[in-house]
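Take a look at the structure set out below.
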Amino acid sequence: MVGPLPPDQNAGSTVRAKSHVTIHPSMSLLHRAPRRGSKNYDVALARIHYPAIKPGQTFCIVILTWNPKHIPENTPARLNFHFIMALSRREASPVQLHFMQYQHSLESEYLPAIRSLISKDLSEPYSIYVYRYFLCQWAHLCFMALNPSDLSLVGVIICKLEVHSSHSPPTRRGYIAMLAVESSFRGHGIATALVQQAIDAMTERDADEIVLETEESNTPAMRLYERLGFLRSKKLHRYYLNGNSAYRLVLSLRTVDFDAAQDYLTGDVS
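Each step along the sequence shown adds one to the number in full-length UniProt numbering, with nothing skipped, and position 237 is 237.
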């Protein structure tokens, strides 16, 4: 493990955090720092001490925030600490992969790969009929991430969108049924990109909400969905065949008509 460089003893610079991160081949690192004596202090000081970068190495990143006394707090000149942390640990953009919507003509080429990829992480197995149930009716809500070098499947999301007429008024509910990313490609934003594509596709089709279930122990998935705005609506005890419990997560897409809501509350409804 490589230790951090000691911070300069400049007035106003304070250590905010230390974080050990593993360097990936495509990870970009932040090296910028304000010049000594310069008044352009809108960039926080980030120092990284490391030997020659090699994939798989782990470094200790020391983040410092430059706090010159002549710049008041809570002004745009102060750069948010979390923003600096995100920049210094930013990984490859998922747009380097090839994303495409599933098509029925691709079944023979990609359905076996989809089943194989998803079954690795399933709490319970799905028959081929379950996949075809979704892919035949909602191919336009299913997206794949492909390796551009050979167009092999590295990620997939499968969804559906139905009208629940039992609700008053009827609700157009989107549902994320399956999401999987090849283990060697995780940590590069692929799952986030796939979920965002699905959200966009269902939003364009006037979905009122999007729901899904995920195991309560699946912390990475919980963080991913909550980062995109999903909220926990219900805990489902012993939901899966293996006895594990799940959370139902909901993303509300419905736009509130505040004028209509006010009329309803005041009784002014014609």
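In this text, a Cβ means the ideal position worked out from N, Cα and C, and glycines have one as well. Only a predicted model underlies this, so the values are computations on that prediction, with no experimental measurement involved.
Residues near Arg-227 by beta carbon distance below 7 angstroms, same chain, minus five either side
none
Quick check: the segment 212 to 223 against the segment 236 to 253, are there 3 or more CB pairs under 8 angstroms?
yes
Taking its Cβ as the centre, do 16 or more other Cβ atoms sit within 10 Å of Gly-189, making it buried, or is it exposed?
buried
Three-pair Cβ contact test at 8 angstroms for the segment 162 to 170 versus the segment 115 to 133
no
Looking only at DSSP bridge pairs, what is Ala-145 linked to?
Phe-99 and Gly-155
Just to confirm my understanding: we take Phe-230, look at its own chain, exclude 5 residues before and 5 after, and list those with CB closer than 6 angstroms. What are they?
Leu-249 and Leu-251
Measuring straight from C-alpha to C-alpha, what distance separates His-31 and Tyr-102?
For His-31, the predicted structure reports a pLDDT of 37, less than 50, and the residue's modelled location is therefore unreliable. A value from the coordinates is still provided. Rounded to whole angstroms, His-31 to Tyr-102 spans 41 angstroms at the Cα level.
Given a cut-off of 9 angstroms on the beta-carbon distance, is the pair Leu-97 and Gly-155 in contact?
yes
DSSP three-state call for Phe-83: helix, strand or coil?
Only weak support is given to the placement of Phe-83: the predicted model assigns it a pLDDT of 34, under 50, and the question is left unresolved by the model.
Residue span of the alpha helix (DSSP H) that contains Leu-117, given as start and end:
107 to 119
Out of Asn-244, Ala-177, His-167 and Pro-220, point me to the one whose CA is closest to Ile-210's CA.
Ala-177
Per DSSP, His-140 forms a beta bridge with which residues?
None, per the DSSP bridge assignment.
Mapping DSSP to helix, strand and coil, what is Leu-251?
strand
Could you give the distance in angstroms between the alpha-carbon of Leu-253 and the alpha-carbon of Leu-111?
30 angstroms
Residue range of the unbroken alpha helix (DSSP H) whose run includes Ala-221:
219 to 227
Nearest neighbour of Ser-119, chosen from Arg-172, Val-181, Met-144 and Pro-169 [CA to CA]
Val-181
Could you give the distance in angstroms between the alpha-carbon of Gly-174 and the alpha-carbon of Ser-233?
15 angstroms
Thinking C-alpha only, which one of Arg-115, Arg-205, Trp-138 and Gln-197 is nearest Arg-172?
Arg-205
Helix, strand or coil for Leu-194? Go by DSSP, reduced to three states.
helix
Nearest residue (CA-CA) to Thr-192, options Ile-114, Arg-223, Val-130 and Asp-150
Arg-223
Nearest candidate by alpha-carbon position, reference Ser-152, set Gln-137, Leu-179, Phe-134 and Ala-113:
Ala-113
Of the residues Asp-200, Met-100, Trp-138 and Ile-157, which one's Cα is nearest the Cα of Leu-117?
Ile-157
For Ile-53, three-class secondary structure by DSSP:
A caution first: Ile-53 carries a pLDDT of 39, below 50, which makes its placement in the model unreliable, though a value can still be read off. Here Ile-53 sits in coil by DSSP.
Could you check where the beta strand (DSSP E) with Leu-179 kicks off and where it finishes?
171 to 181
C-alpha distance - Ala-198 paired with Cys-142, whole-angstrom precision:
7 angstroms
Per DSSP, the bridge partner or partners of Thr-203
Its beta-bridge partners do not exist; DSSP assigns none.
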